[in-house]
Each structure stands twice: as C-alpha cells, then as structure tokens.
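Protein chains: 2
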Amino acid sequence: MRLLIVGGAGFIGRRLLERLAISGGREVLVTGRSPHPKVSLGAGVSYRQVMPEQTEIYADLVDWADEVVDFAYSSVPQTSFDDPVRDVLDNLPFNVALIKMASERSLRKFVFVSSGGTVYGHPLRLPIDETHPTNPISPYGITKLAVEKYGLMYWRSRGLKFVALRPGNPYGPGQIGGRGQGFIATAMRQALDGKPITIFGERGTVRDYIYVDDLAAGIVAALNSADAGSVLNIGSGVGIDNRQMLDIIDKMTTRDGITLEVLTAPDRGFDVSANVLDASKLRNLSGWEPKVTVESGLEKTWSWMKENRA
Amino acid sequence: MRLLIVGGAGFIGRRLLERLAISGGREVLVTGRSPHPKVSLGAGVSYRQVMPEQTEIYADLVDWADEVVDFAYSSVPQTSFDDPVRDVLDNLPFNVALIKMASERSLRKFVFVSSGGTVYGHPLRLPIDETHPTNPISPYGITKLAVEKYGLMYWRSRGLKFVALRPGNPYGPGQIGGRGQGFIATAMRQALDGKPITIFGERGTVRDYIYVDDLAAGIVAALNSADAGSVLNIGSGVGIDNRQMLDIIDKMTTRDGITLEVLTAPDRGFDVSANVLDASKLRNLSGWEPKVTVESGLEKTWSWMKENRA
Numbered sequence: 000m001r002l003l004i005v006g007g008a009g010f011i012g013r014r015l016l017e018r019l020a021i022s023g024g025r026e027v028l029v030t031g032r033s034p035h036p037k038v039s040l041g042a043g044v045s046y047r048q049v050m051p052e053q054t055e056i057y058a059d060l061v062d063w064a065d066e067v068v069d070f071a072y073s074s075v076p077q078t079s080f081d082d083p084v085r086d087v088l089d090n091l092p093f094n095v096a097l098i099k100m101a102s103e104r105s106l107r108k109f110v111f112v113s114s115g116g117t118v119y120g121h122p123l124r125l126p127i128d129e130t131h132p133t134n135p136i137s138p139y140g141i142t143k144l145a146v147e148k149y150g151l152m153y154w155r156s157r158g159l160k161f162v163a164l165r166p167g168n169p170y171g172p173g174q175i176g177g178r179g180q181g182f183i184a185t186a187m188r189q190a191l192d193g194k195p196i197t198i199f200g201e202r203g204t205v206r207d208y209i210y211v212d213d214l215a216a217g218i219v220a221a222l223n224s225a226d227a228g229s230v231l232n233i234g235s236g237v238g239i240d241n242r243q244m245l246d247i248i249d250k251m252t253t254r255d256g257i258t259l260e261v262l263t264a265p266d267r268g269f270d271v272s273a274n275v276l277d278a279s280k281l282r283n284l285s286g287w288e289p290k291v292t293v294e295s296g297l298e299k300t301w302s303w304m305k306e307n308r309a
Numbered sequence: 000m001r002l003l004i005v006g007g008a009g010f011i012g013r014r015l016l017e018r019l020a021i022s023g024g025r026e027v028l029v030t031g032r033s034p035h036p037k038v039s040l041g042a043g044v045s046y047r048q049v050m051p052e053q054t055e056i057y058a059d060l061v062d063w064a065d066e067v068v069d070f071a072y073s074s075v076p077q078t079s080f081d082d083p084v085r086d087v088l089d090n091l092p093f094n095v096a097l098i099k100m101a102s103e104r105s106l107r108k109f110v111f112v113s114s115g116g117t118v119y120g121h122p123l124r125l126p127i128d129e130t131h132p133t134n135p136i137s138p139y140g141i142t143k144l145a146v147e148k149y150g151l152m153y154w155r156s157r158g159l160k161f162v163a164l165r166p167g168n169p170y171g172p173g174q175i176g177g178r179g180q181g182f183i184a185t186a187m188r189q190a191l192d193g194k195p196i197t198i199f200g201e202r203g204t205v206r207d208y209i210y211v212d213d214l215a216a217g218i219v220a221a222l223n224s225a226d227a228g229s230v231l232n233i234g235s236g237v238g239i240d241n242r243q244m245l246d247i248i249d250k251m252t253t254r255d256g257i258t259l260e261v262l263t264a265p266d267r268g269f270d271v272s273a274n275v276l277d278a279s280k281l282r283n284l285s286g287w288e289p290k291v292t293v294e295s296g297l298e299k300t301w302s303w304m305k306e307n308r309a
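As given, the protein sequences belong to chains Z and A, one line each in that order. Each step along the first sequence adds one to the number in numbering that gives the first Met the number 0, with nothing skipped, and position 60 is 59. Each step along the second sequence adds one to the number in numbering that gives the first Met the number 0, with nothing skipped, and position 39 is 38.
Here it is as structure tokens:
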C-alpha cells in the first residue's frame, strides 16, 4: 500500500510516521515545502519537496498513491484573523486542486486533517458530536470547513473515498508553540525563558487536549476503518481550562525550580469559550481510544521541552 | 439612507432597483465590472465601474454607504464544477475582503445574496428550512456557503449586521439563460430558435422557481426587517419538475405556433434531484410573500422573450 502524506513533516505528521512504522505494511512518501525535512522521518520514508503550485507533480504523486493523508495548511486561527484573504489564497486553491485530482483517480482513502477545535464555533452543547452545527468564528475554521465540503462533494458526485478528521487541540513533544497555537508548548517555553504566559479571560478557555500519539493513532484508525464520506472527531472528551492546565504545568516547573507567571488579558473575539469533542463515532467504528493521561502527556512534553529549549 | 449594491446591474439587481424606486427613501449606487450598465438603471441611480481588485475604491464606497447589498459573483453552478479553483479565486477573495471592510464600519445592514438552490445539497426533507444541513454538491454552493460563514463570523465577533439570503431559482423578464442556469429562459430561447431543450433524467429536476419581482421584494423586505445574523430562504414553496414546467411553457409557445422539442439525457452528478424552500421565516418577520403565480410569471417572461429574441 502506497501512502502519500501531504505536508507530513510537521509536528503531527512525524508522530504519524512513527505510528505507521509500528503497524507496517505501507510505503510512505512525505511532501512538504522545505528542501529537506527538519527532523528525521524514520527508516524507509521518502521525502520530496513540492511547492503547492506544482500541481503536475502532485498529479503524478496522487497517481502513484493508494491513499492520501492531507495535512497541508499554512495558517493558524490567529493569523487567519489578521488576513482572511491570505488564509483563503494560501489554503483553498491547493487543497481544492488536490481533492479534485484525487476524485479523478481510484484511491482507497483520502483523509483530510480538519479542525475539531474551530469548525464548530460556539458550542450549543458539550461534548460536541459531529452533527453539531458548524459556524466557525475564525477564518481558519471557515476554510477548514470549506475543504471538508469539497471532499464530501466529490464523495457524493464521484465516489471519492474522502474522510474528514476533526482533532481537538494536539500537544506533545515536538510542538514548538507560539503563533497563538499550542497553549501547552507556549506555556512551557515561556516558563523556561522566565517569561509570563498570558491567558484571555479569568480562567481562559476550555479545550480538548489530545496527546499527539493518541491523535496519530486516531488518524491510522480512520485510515484503516473509516467509511468514505464520514466526518470524525478525534479528542479526549475532557475539557480543561487554561487555569487548570497551568496549575498542572506549574507543579512540574516548580519541581525544576521554575515558577510560572500568569497574566490575565480580556477575552479575544476569535476564541470559543469551550470546545470538548465527543469522539465516540471513531471509537465505536475502530476501537481507537486515547491512551495517554494528561499528567503523563504533560510530563513527556515537559521533558522534551527541557531537552530542546534552544 | 445610502445603499451600495455591489454587482447590482444584473438580472435581479435591475428589478431590485425598480422595487427600491417604488418604496423610495434610498440614495442608490450600483457597482459592476462593465464600463457602463447594459440597461437603464432608472432615475436617480448612480453607476460606477469598479473591478474586484480595486479594494481601496470599495473601502471608500463602504465608507459612504449605510447599507450594502452584495450580488458579486462571477460563476454559476455548472462552470464552477469545471474549474473549482477558479470559482474560489474569482469569488472568495473579493467577497471576504468586502465583508471584512464592512465589519470595520458601522453599517445598518449588509445583505449577501447567497443561493437557496445550492447550499443545502441533497434534501433530507422538503420543503427545506434554514436549519437543514448544508452539504452543497457544487463548488458554487460551497463558496456561497463559505461567504455566508464569513459574514456570520464577523457578525458574531464584531457585530456586523449581516444577513444571508438564500433564493430559489429566479426567473422572469430580463433573464438570458444558457450557461446551465435559468432553465425557463433557456427553454424559451430554444423554442424561439427552433432548437430542442435537454432535460437530465426522465422528468428532470424539481426546483423552486421564484419570479424576479417577488425575489426583489423579498430582498427589500430583508433589508428593512431582517435581524442581524439571520439566514433567510426566499422561495415560492412550490416544487415544479422540468417536465411539468415544459408542459406549461409548451402551451404558450404552441399558441404562437411553436412546438417545444424536448430531449432527455442521463442525470448529471452536480444536480440535486429536488429543491423546494420553506420561506416562512422571512414571511413571518416581514409579511413578505410571493405574489406572482407561475402561469402569470411565465406569460410575462414569454412576452419579454419574444420581444427581445435578439
């Protein structure tokens, strides 16, 4: 089985490769915009630099592949708010072209990594299942949702075996933080640098944090077991607010002689107050479930952060 | 009250201007991409050629305006299917930039003319109300839906007084037909040219046809009465399949000595089989209702077609 992972040399992609190496049986090609991947992708994994506008190369790669996992995205919620037109131009044309190409071939599966943290918008109920209305309050959430709609359209009209995954907030070793994404990584880095961490609102926001290896396992589960045309949350089902999270992190940093300084700022317009995902659909169809507790996941992340503080 | 109508010199825009002239009280400026509007826009209406990329001019115009009606769209469902990336590039950046601009000013209302015929996709129930899931099966429907999401996002985050209207299939005098849109106009023109009309599937598709003056009245009703953040269907609530429609048209053409020739082709992947809209939300809030029966509307359309066959 030949698997093409588009934009797969990032934080999540690398852990997905480890997970795939364990399960075996797939020949893997990763593409990205860098000349070389910044970290080792593991034995037997090929890497190729392809720019988004090189659609003819992508056509050949999709021809080669039996399966595609699509991570390609070049914005995050916060930057998308500053320039929503840039967010459209950087993300939609490429993903639409890739999905259209895929619809003209016979793939076993096309998995798009969407965003469970942003496509739903303000929650009407918690935890949020996949039938919850989708009214994003960030441009990033809107374009992620639009890409899902293209995939589902080609599933309905041409039988593309499209699956959209909606992960919660991933965290774990390898995440850099900053740019308004990766609250845990950002908090730990600020602690190591002796700088304060800012939360927005008295207790900040409630999020569904999913350890990166659990997310990678969820992606593999979906790749193996999800029905074409399905949309699947991947989350822990547990909501943790920023204040609670910082209390846990502070215990770890204090052990190392570092006290976390926390600043409070007013709510930002583009944050949903709470996001907790109901992932029972994926659990029921594949047996997948998150295995790493938040304490254990944070310990691993803190250890990695200390070793990689440069 | 100053009203900016973006892309307002088209088929629906012109009838909207007539309706606005009757109700009075608004100073109207229409923009479009043509150097001059192709038809008279009526007394007291200004026209200005502005290209979509001239965002600084649009910034000035939005500064000038108290209200905006946004018709700007340069694709139709059928062409969008041939080139979904072009559909993204031609429609999203401009509409997103316009809505963002509007969100930075204090407008009384921003009305976006979306598409009740395409945003819902295959119906789960008929008639379709505004809470029906939105899973478009054309790229055109996806980008229309995305523009709605931007407007609603800026309503939630910045208080933009955004309203999305979802009309059914408009028809009436002034519609040209062809390009896969305007079934009635296309059928009448084919009849006048002695050419056959093709329907897809044995009875074709079921559509909610709304006479253009009723649609224009609905837009004015929404402009005057709709709450910010609302999404409103505008339709007749009556479903008519292609075969039924051609039977009615054939009675008119036969009176003029023309027999309509009908060809049947297989279903197309990008048509929904049926689309009938429940417009009770707009009716209840504004008292608006469609006034023109399909027979009467078709007579007016046929008369106009005969007079304007060149």
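Glycine is no exception: its CB is placed at the ideal position from the N, C-alpha and C atoms. In this text the structure is predicted, and so the values were computed from the model without any measurement.
With respect to A/I21, A/V68 sits apart: the two C-beta atoms are not nearer than 8 Å. The segment 110-129 of chain A and the segment 137-146 of chain A touch, with three or more beta-carbon pairs separated by less than 8 Å.
At a cut-off of 8 Å between beta-carbon atoms, Z/L91 makes contact with chain A.
As the crow flies, the alpha-carbon of A/A221 is around 34 Å from that of A/R202. Nearest CB-CB separation between Z/S73 and chain A: not below the 8 Å threshold. Taken in chain order, the whole beta strand (DSSP E) runs of length 3 or more contained in the segment 30-104 of chain A are 44-48 and 66-69. Chain order gives the chain Z residues near A/S156 as I136, G268 and F269, where near means a beta carbon separation below 7 Å. Under DSSP, no beta-bridge partner is assigned to Z/E147. Counting only Cβ-Cβ distances below 7 Å, Z/Y57 has no contacts in chain A at all, with the closest Cβ about 13 Å away. Take Z/D213, set aside five residues on each side of it, and the residues of its chain with a beta-carbon closer than 7 Å to its own are P289, K290 and V291, in chain order. Uninterrupted alpha helix (DSSP H) stretches at least 4 residues long and entirely within the segment 167-244 of chain Z occur at 182-191 and 211-224, given in chain order. In the displayed model, Z/K299 falls within a helix according to three-state DSSP.
Taking C-beta atoms as the reference points, A/G167 and A/D207 count as a pair closer than 8 Å. Counting along the chain, the unbroken beta strand (DSSP E) around Z/A264 starts and ends at V261 to A264. With fewer than three CB-CB distances shorter than 8 Å, the segment 238-247 of chain A does not count as touching the segment 123-137 of chain Z. Residues of the segment 141-154 of chain A with a C-beta less than 8 Å from any C-beta of chain Z: I141, T142, L144, A145, K148, Y149, L151 and M152, listed in chain order. When CB distances to chain Z are screened at a threshold of 8 Å, the residues of the segment 83-112 of chain A falling below it are P83, V84, V87, L88, L91, P92, V95, A96 and K99, in chain order. The closest CA to that of A/I196, considering only A/T253, A/V84, A/T78 and A/L262, is found on A/L262. Here Z/A273 really is in contact with Z/L125; their C-beta atoms are around 6 Å apart, less than 8 Å. Within a 10 Å sphere around the beta-carbon of Z/A8 sit 16 or more other beta-carbons, which makes this residue buried. DSSP places A/V271 outside both helix and strand once states are collapsed to three, so it counts as coil.
In the DSSP assignment, the residues bridged to A/L2 are A/V27 and A/E66. Looking at A/T30, A/D65 and A/A42, the one whose alpha-carbon comes closest to that of A/E52 is A/T30. Under a 10 Å Cβ-count criterion, A/K37 is classified as exposed, with fewer than 16 other Cβ atoms of the shown protein chains found around its own Cβ. By the neighbour-count definition (other C-beta atoms within 10 Å, threshold 16), A/R165 is a buried residue.
Selection A/E26, A/L191, A/N283 and A/L28 evaluated against A/W303 yields A/L191 as nearest (Cα-Cα). DSSP places A/L16 in the helix class (H, G or I) of the three-state scheme. Looking at the DSSP output, A/L276 shares a beta bridge with A/I127. In the DSSP assignment, A/V112 falls within the unbroken beta strand (DSSP E) covering K108 to V112. When DSSP states are grouped into helix, strand and coil, Z/L159 belongs to the coil group.
CA-to-CA, the gap between A/N134 and A/H121 works out to about 7 Å.
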